Amino acid sequence: MLELYIYQFIFSGGELRRISFAITLLHQPPLLILDEPTVGVDPILRKNIWNYLVKISSDENTTVIITTHYIEEARQANKIAFMRDGSILAQDEPDSLINRYNASTLEDVFLLLCEKSSKNKQGETYTNAKTFDEINCSALSTQSQATISSPAIVQSDDNRQQRPPNSKKSFILPSFTRVKALTTVNFTKMWRNFMLIVLQFFSPVFQLLLVYWSIGVEPRHLNVAVFNQDTNFGPRYLNYIDNLTIQQVTVDGLDKGEELVRQGEAWAVINILPNFTSALMTSKM
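Going by UniProt numbering, the first residue of the sequence shown is number 1, and it counts up by one from there.
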């Protein structure tokens with residue numbers, strides 16, 4: 001979801017509501033749960049939102065659950081539920097509730113139910129009251145009922161046959177529209193946050209360079225003290241040493257070379273003994 005709070009100083013509250021509502025509908029969800037979608041919008045836009053919700057519930061088999069404090073706008077829902085203190089006071093079609101309680105508006109029905117609920121502090125259950133668990137069970141029934149708290153629902157008239165409880169659901173590939181919508185949302189989020197792209201793409205490169213510079217570079221120009229006591233193969237061996245890696249520092253004694261190592265002027269000492277040539281020839285025979 002787009003981080004709309006970034007633009008709270010650019011767009012008005014009604015515009016942010018429209019953007020959030022459009023993002024919610026972008027991937028065409030089969031179940032749509034909206035928390036007071038008409039708050040902060042003008043009456044014309046509120047009417048358009050409800051008309052569109054009713055349209056997708058009937059044409060696209062979308063179940064819509066809405067919570068709202070505008071009680072009268074719930075007249076467009078096919079089923080409503082009144083909630084107070086975490087309990088469902090009544091649940092039925094709008095006209096049925098009005099006729100049952102002999103009221104003129106849904107607001108009068110809600111006020112009447114609230115008064116009755118206040119008088120029954122002993123937890124007496126009304127015949128038309130249901131708990132949350134019962135509402136959740138009815139949402140999974142064969143009629144695919146959807147419930148809204150305080151007070152409205154838009155429900156699809158989808159009478160498709162339900163699967164048995166123990167049947168395995170077959171794998172269904174995600175729709176192209178949904179994948180495209182999610183890709184668009186994530187790309188837009190990254191595009192609007194340029195530093196996020198920089199960190200994601202250049203952080204691994206920087207880490208590799210740091211490792212290479214610290215432990216991956218070949219050592220160069222290391223001073224090594226050399227005490228050569230052999231006049232035949234000793235000099236030949238020293239000529240094969242890579243001078244880019246090792247800088248040979250000739251000394252006239254082993255003690256002198258060890259002293260350079262202790263002083264930090266050399267990394268090591270190479271001591272070629274006088275019998276180097278004869279020992280090498282003997283090992284090859």
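Built from N, CA and C at the ideal position, the CB exists for glycine as well.
All figures in this text were calculated on a predicted structure; none of them were measured in a lab.
- Counting only runs of at least 3 residues, the region 2-83 fully encloses the following beta strand (DSSP E) elements, listed from N- to C-terminal order: 31-35 and 63-67.
- Between the alpha carbons of Ser104 and Ile98 lies a distance of about 6 Å.
- One alpha carbon belongs to Tyr240, the other to Asn223, and they sit about 16 Å apart.
- Taking 9 Å as the cut-off, the Cβ atoms of Ile272 and Leu238 count as close.
- Here DSSP, grouped into helix, strand and coil, assigns Ile241 to coil.
- CA-CA distance, Val251 to Gly257, rounds to 6 Å.
- Judged by DSSP secondary structure, Ile197 falls within the alpha helix (DSSP H) whose first and last residues are Phe194 to Val211.
- Secondary structure of Ile270 (DSSP, three-state): strand.
- A straight-line Cα-Cα distance of about 9 Å links Gly253 and Val226.
- In the three-state reduction of the DSSP assignment, Val185 falls in the helix class.
- Put simply, of Gln229, Leu280, Arg262 and Ser278 the residue whose alpha carbon is nearest the alpha carbon of Ile270 is Gln229.
- Ala225 is bridged by DSSP to Val249 and Val269.
- Rounded to whole angstroms, the Cβ separation of His69 and Glu36 is 7 Å, and the two are in contact under 8 Å.
- Under the 8 Å Cβ criterion, the region 188-198 does not count as touching the region 210-220, having fewer than three qualifying pairs.
- Only residues of its own chain outside the window of five on either side were considered, and among them Val109 and Leu112 have a CB closer than 6 Å to the CB of Tyr101, listed in chain order.
- In the DSSP assignment, Ser118 is bridged to no other residue.
- A straight line joining the alpha-carbon of Leu26 with that of Ser20 spans about 10 Å.
- Excluding the 5 residues flanking it on each side, Ile33 has same chain C-beta neighbours closer than 7 Å at Ile65, in chain order.
- Counting only residues of its own chain and dropping the five nearest sequence neighbours on each side, Ala181 has a CB closer than 7 Å to the CB of Leu26 and His27.
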